[in-house]
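Undergrad: My questions will all concern the structure given below.
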Amino acid sequence: REEFLIPIYHQVAMQFADLHDTPGRMQEKGAITDILDWKTSRTFFYWRLRRLLLENVVKKKIHDANPELTDGQIQAMLRRWFVEVEGTVKAYLWDSNKDLVEWLEKQLTEEEGVRSVVDENIKYISRDYILKQIRSLVQANPEVAMDSIVHMTQHISPTQRAEIVRILSTMDSPSST
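FYI, the numbering used here numbers position 173 of the sequence shown as 175, with every residue one higher than the one before it.
In C-alpha coordinates:
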(Lines of atoms letter the chains of each structure in order from A and count residues from 1; the text may use other names and numbers.)
(Lines give C-alpha, C1' and ligand atoms only; values in the text may rest on other atoms or scores of the structure.)
Protein backbone atom coordinates (compact mmCIF):
# COMPACT_ATOMS: atom_id res chain seq x y z
CA ARG A 1 0.00 0.00 0.00
CA GLU A 2 2.88 2.45 0.84
CA GLU A 3 4.56 1.72 -2.48
CA PHE A 4 1.29 2.57 -4.20
CA LEU A 5 0.84 5.91 -2.34
CA ILE A 6 4.42 7.27 -2.59
CA PRO A 7 4.08 8.48 -6.23
CA ILE A 8 0.76 10.16 -5.42
CA TYR A 9 2.22 11.96 -2.37
CA HIS A 10 5.23 12.98 -4.46
CA GLN A 11 2.95 14.44 -7.15
CA VAL A 12 0.90 16.37 -4.55
CA ALA A 13 4.08 17.74 -2.94
CA MET A 14 5.42 18.86 -6.31
CA GLN A 15 2.16 20.64 -7.17
CA PHE A 16 2.11 22.32 -3.76
CA ALA A 17 5.69 23.55 -4.24
CA ASP A 18 4.95 24.76 -7.77
CA LEU A 19 1.98 26.77 -6.55
CA HIS A 20 3.83 28.33 -3.63
CA ASP A 21 7.32 28.94 -5.03
CA THR A 22 6.28 31.61 -7.50
CA PRO A 23 8.07 34.98 -7.52
CA GLY A 24 4.89 36.85 -6.58
CA ARG A 25 4.20 34.60 -3.61
CA MET A 26 7.84 34.75 -2.47
CA GLN A 27 7.73 38.55 -2.61
CA GLU A 28 4.48 38.61 -0.61
CA LYS A 29 6.10 36.50 2.11
CA GLY A 30 9.26 38.65 2.18
CA ALA A 31 11.58 35.93 0.92
CA ILE A 32 12.67 38.23 -1.92
CA THR A 33 12.54 42.02 -2.17
CA ASP A 34 11.86 42.37 -5.88
CA ILE A 35 11.04 40.31 -8.95
CA LEU A 36 13.81 40.60 -11.54
CA ASP A 37 13.46 40.74 -15.27
CA TRP A 38 15.73 38.11 -16.80
CA LYS A 39 17.24 40.62 -19.25
CA THR A 40 18.48 42.91 -16.48
CA SER A 41 19.30 40.28 -13.87
CA ARG A 42 23.03 40.18 -14.65
CA THR A 43 23.35 43.95 -14.23
CA PHE A 44 21.30 43.84 -11.03
CA PHE A 45 23.46 41.12 -9.48
CA TYR A 46 26.67 42.86 -10.58
CA TRP A 47 25.75 46.07 -8.72
CA ARG A 48 24.21 44.17 -5.80
CA LEU A 49 27.41 42.16 -5.28
CA ARG A 50 29.59 45.27 -5.52
CA ARG A 51 27.34 47.02 -2.99
CA LEU A 52 27.49 44.13 -0.54
CA LEU A 53 31.28 43.86 -0.86
CA LEU A 54 31.81 47.59 -0.28
CA GLU A 55 29.31 47.64 2.58
CA ASN A 56 31.19 44.74 4.12
CA VAL A 57 34.48 46.68 3.93
CA VAL A 58 32.93 49.69 5.69
CA LYS A 59 31.12 47.51 8.24
CA LYS A 60 34.41 45.79 9.10
CA LYS A 61 36.08 49.17 9.66
CA ILE A 62 33.22 50.24 11.93
CA HIS A 63 33.23 46.94 13.78
CA ASP A 64 37.01 47.22 14.29
CA ALA A 65 36.44 50.69 15.75
CA ASN A 66 33.73 49.43 18.12
CA PRO A 67 33.17 45.66 18.38
CA GLU A 68 30.10 46.16 20.59
CA LEU A 69 27.99 47.44 17.69
CA THR A 70 25.57 45.00 16.07
CA ASP A 71 25.17 44.57 12.34
CA GLY A 72 21.78 46.27 12.50
CA GLN A 73 23.22 49.29 14.31
CA ILE A 74 26.04 49.55 11.78
CA GLN A 75 23.58 49.30 8.86
CA ALA A 76 21.44 52.06 10.40
CA MET A 77 24.55 54.25 10.84
CA LEU A 78 25.54 53.77 7.20
CA ARG A 79 22.06 54.73 6.05
CA ARG A 80 22.04 57.81 8.31
CA TRP A 81 25.47 58.90 7.02
CA PHE A 82 24.29 58.45 3.44
CA VAL A 83 21.24 60.65 4.08
CA GLU A 84 23.41 63.25 5.87
CA VAL A 85 25.75 63.50 2.88
CA GLU A 86 23.22 63.24 0.05
CA GLY A 87 20.33 65.00 1.79
CA THR A 88 16.83 63.79 2.52
CA VAL A 89 15.74 64.59 -1.02
CA LYS A 90 18.05 61.86 -2.32
CA ALA A 91 17.41 59.39 0.51
CA TYR A 92 15.56 57.13 -1.93
CA LEU A 93 18.92 56.40 -3.62
CA TRP A 94 19.81 54.16 -0.66
CA ASP A 95 17.81 51.41 -2.39
CA SER A 96 19.73 51.85 -5.65
CA ASN A 97 22.69 49.48 -5.67
CA LYS A 98 24.58 51.40 -8.36
CA ASP A 99 24.19 54.79 -6.65
CA LEU A 100 25.23 53.39 -3.30
CA VAL A 101 28.30 51.70 -4.83
CA GLU A 102 29.36 55.04 -6.33
CA TRP A 103 28.85 56.77 -2.96
CA LEU A 104 30.76 54.12 -1.02
CA GLU A 105 33.64 54.18 -3.52
CA LYS A 106 33.81 57.95 -3.17
CA GLN A 107 33.82 57.63 0.63
CA LEU A 108 36.53 54.97 0.61
CA THR A 109 38.76 56.92 -1.78
CA GLU A 110 40.76 59.35 0.30
CA GLU A 111 41.35 62.64 -1.42
CA GLU A 112 44.49 64.52 -0.45
CA GLY A 113 43.96 66.32 2.84
CA VAL A 114 40.22 65.61 2.91
CA ARG A 115 38.70 62.89 5.07
CA SER A 116 35.42 61.40 3.97
CA VAL A 117 32.31 61.50 6.14
CA VAL A 118 32.59 57.75 6.70
CA ASP A 119 36.23 58.02 7.83
CA GLU A 120 35.43 60.94 10.14
CA ASN A 121 32.52 59.09 11.70
CA ILE A 122 34.57 55.91 12.16
CA LYS A 123 37.25 58.00 13.88
CA TYR A 124 34.64 59.34 16.34
CA ILE A 125 33.16 55.87 16.90
CA SER A 126 36.63 54.58 17.78
CA ARG A 127 37.30 57.55 20.05
CA ASP A 128 34.00 57.11 21.90
CA TYR A 129 34.60 53.37 22.34
CA ILE A 130 38.11 53.93 23.74
CA LEU A 131 36.85 56.64 26.12
CA LYS A 132 34.08 54.31 27.29
CA GLN A 133 36.65 51.59 28.02
CA ILE A 134 38.91 54.01 29.92
CA ARG A 135 35.97 55.30 31.98
CA SER A 136 34.83 51.81 32.90
CA LEU A 137 38.38 50.77 33.86
CA VAL A 138 38.84 53.84 36.07
CA GLN A 139 35.42 53.35 37.68
CA ALA A 140 36.14 49.68 38.32
CA ASN A 141 39.63 50.44 39.73
CA PRO A 142 39.55 53.91 41.34
CA GLU A 143 42.80 53.23 43.18
CA VAL A 144 44.80 53.35 39.94
CA ALA A 145 43.19 56.54 38.60
CA MET A 146 45.93 58.82 39.93
CA ASP A 147 48.71 56.58 38.60
CA SER A 148 46.97 56.49 35.23
CA ILE A 149 46.75 60.28 35.07
CA VAL A 150 50.46 60.62 35.89
CA HIS A 151 51.34 58.03 33.26
CA MET A 152 49.18 59.73 30.62
CA THR A 153 50.62 63.18 31.30
CA GLN A 154 54.10 61.81 30.67
CA HIS A 155 53.08 60.88 27.13
CA ILE A 156 51.46 64.11 25.94
CA SER A 157 52.84 67.42 24.72
CA PRO A 158 53.46 70.39 27.05
CA THR A 159 50.57 72.33 25.50
CA GLN A 160 48.21 69.41 26.14
CA ARG A 161 49.51 69.21 29.71
CA ALA A 162 48.85 72.94 30.20
CA GLU A 163 45.32 72.47 28.86
CA ILE A 164 44.72 69.64 31.35
CA VAL A 165 45.99 71.82 34.21
CA ARG A 166 43.68 74.63 33.09
CA ILE A 167 40.67 72.26 32.93
CA LEU A 168 41.46 70.75 36.34
CA SER A 169 41.85 74.18 37.92
CA THR A 170 38.48 75.34 36.58
CA MET A 171 36.82 72.19 37.91
CA ASP A 172 37.74 73.08 41.50
CA SER A 173 36.84 76.77 41.37
CA PRO A 174 33.20 77.74 41.95
CA SER A 175 31.37 78.80 38.82
CA SER A 176 30.81 82.51 38.43
CA THR A 177 27.21 83.17 37.46
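Cβ atoms here follow ideal geometry from the backbone N, Cα and C, with glycine treated the same way.
Using beta-carbon positions only, say whether Leu56 and Leu95 come within less than 7 Å of one another.
TA: Within the sequence shown, the letter at position 54 stands for residue 56. Within the sequence shown, the letter at position 93 stands for residue 95. No. Outside cutoff.
Undergrad: Here's the rule: buried if 16 or more other CB atoms are within 10 angstroms of the residue's CB, otherwise exposed. What is Arg53?
TA: Indexing the sequence shown from 1 puts residue 53 at position 51. Buried is the call here.
Undergrad: Just to check my reading of the structure: Ile136 and Ala67 have Cβ atoms closer than 8 Å, yes? What is that Cβ distance to the nearest angstrom?
TA: For this step, residue 136 is matched to residue 134 along the sequence shown. For this step, residue 67 is matched to residue 65 along the sequence shown. Not quite, the Cβ-Cβ distance comes to about 15 Å (not below 8 Å), so this is no contact.
Undergrad: Would you decide whether Trp83 is buried or exposed? Buried here means 16 or more other CB atoms lie within 10 Å of its CB.
TA: Position 81 of the sequence shown, counting from 1, holds the residue named residue 83. Buried is the call here.
Undergrad: Which word fits Val60, buried or exposed, when buried means at least 16 other C-beta atoms lie within 10 angstroms of its C-beta?
TA: Indexing the sequence shown from 1 puts residue 60 at position 58. That one is buried.
Undergrad: On the DSSP bridge assignment, give the partners of Glu113 in chain order.
TA: Position 111 of the sequence shown, counted from the start, is the residue given in the question as residue 113. DSSP output for Glu113 lists Val116 as bridge partner(s).
Undergrad: How is the alpha helix (DSSP H) around Val59 delimited, first residue to last?
TA: Translated into the one-based positions of the sequence shown, residue 59 becomes position 57. Residues Ser43 to Ala67.
Undergrad: Would a C-beta distance cut-off of 7 Å place Trp49 and Val103 closer than the cut-off?
TA: Locating residue 49 in the sequence shown gives position 47, counting from the first residue. Locating residue 103 in the sequence shown gives position 101, counting from the first residue. It is a contact, given that the beta carbons lie within the stated cut-off.
Undergrad: Put Gly74 into one of helix, strand or coil per three-state DSSP.
TA: Here residue 74 corresponds to residue number 72 of the sequence shown, with the count starting at 1. Residue state, collapsed to three classes: helix.
Undergrad: Considering just the uninterrupted stretch of the alpha helix (DSSP H) at Lys1, what are its terminal residues?
TA: Here the chain comprises residues numbered 3 to 179, so residue 1 is not present and cannot be evaluated.
Undergrad: Assuming the contact rule is C-beta atoms closer than 8 Å, Val119 and Val85 should be a hit. Round their C-beta distance to whole Å, please.
TA: The count along the sequence shown starts at 1 and reaches residue 119 at position 117. The count along the sequence shown starts at 1 and reaches residue 85 at position 83. The pair is not a contact, with the Cβ atoms about 11 Å apart (cut-off 8 Å).
Undergrad: Nearest-angstrom Cα distance between Gly89 and Arg81?
TA: If you number the sequence shown from 1, residue 89 lands on position 87. If you number the sequence shown from 1, residue 81 lands on position 79. Roughly 11 Å separates the two Cα atoms.
Undergrad: Measuring CA to CA, which of Lys63, Ala33, Ile10 and Met154 is closest to Leu110?
TA: For the purposes of this step, residue 110 is taken as the residue at position 108 of the sequence shown. Nearest C-alpha to Leu110: Lys63.
Undergrad: Could you give the distance in angstroms between the alpha-carbon of Met173 and the alpha-carbon of Ile34?
TA: By one-based count along the sequence shown, residue 173 stands at place 171. By one-based count along the sequence shown, residue 34 stands at place 32. In a straight line, the C-alpha of Met173 is about 58 Å away from that of Ile34.
Undergrad: Suppose the cutoff is 7 Å on Cβ atoms and the five residues either side in sequence are ignored; what does the same chain contact list for Val14 look like?
TA: In the sequence shown, the residue the question calls residue 14 occupies position 12. Once the five neighbours on either side are set aside, Val14 has no close Cβ partner at all.
Undergrad: If Ile37 sits next to Pro25, beta carbons under 8 Å apart, how far is it from one beta carbon to the other, in whole angstroms?
TA: Numbered from 1 along the sequence shown, position 35 holds the residue referred to as residue 37. Numbered from 1 along the sequence shown, position 23 holds the residue referred to as residue 25. 4 Å between Cβ atoms; contact.
Undergrad: Quick one: what does DSSP say Leu102 is sitting in, helix, strand or coil?
TA: If you number the sequence shown from 1, residue 102 lands on position 100. Helix.
Undergrad: Can you tell me whether Leu38 is helix, strand or coil according to DSSP?
TA: By one-based count along the sequence shown, residue 38 stands at place 36. Looking at Leu38 - three-state DSSP - the assignment turns out to be coil, as it is neither helix nor strand.
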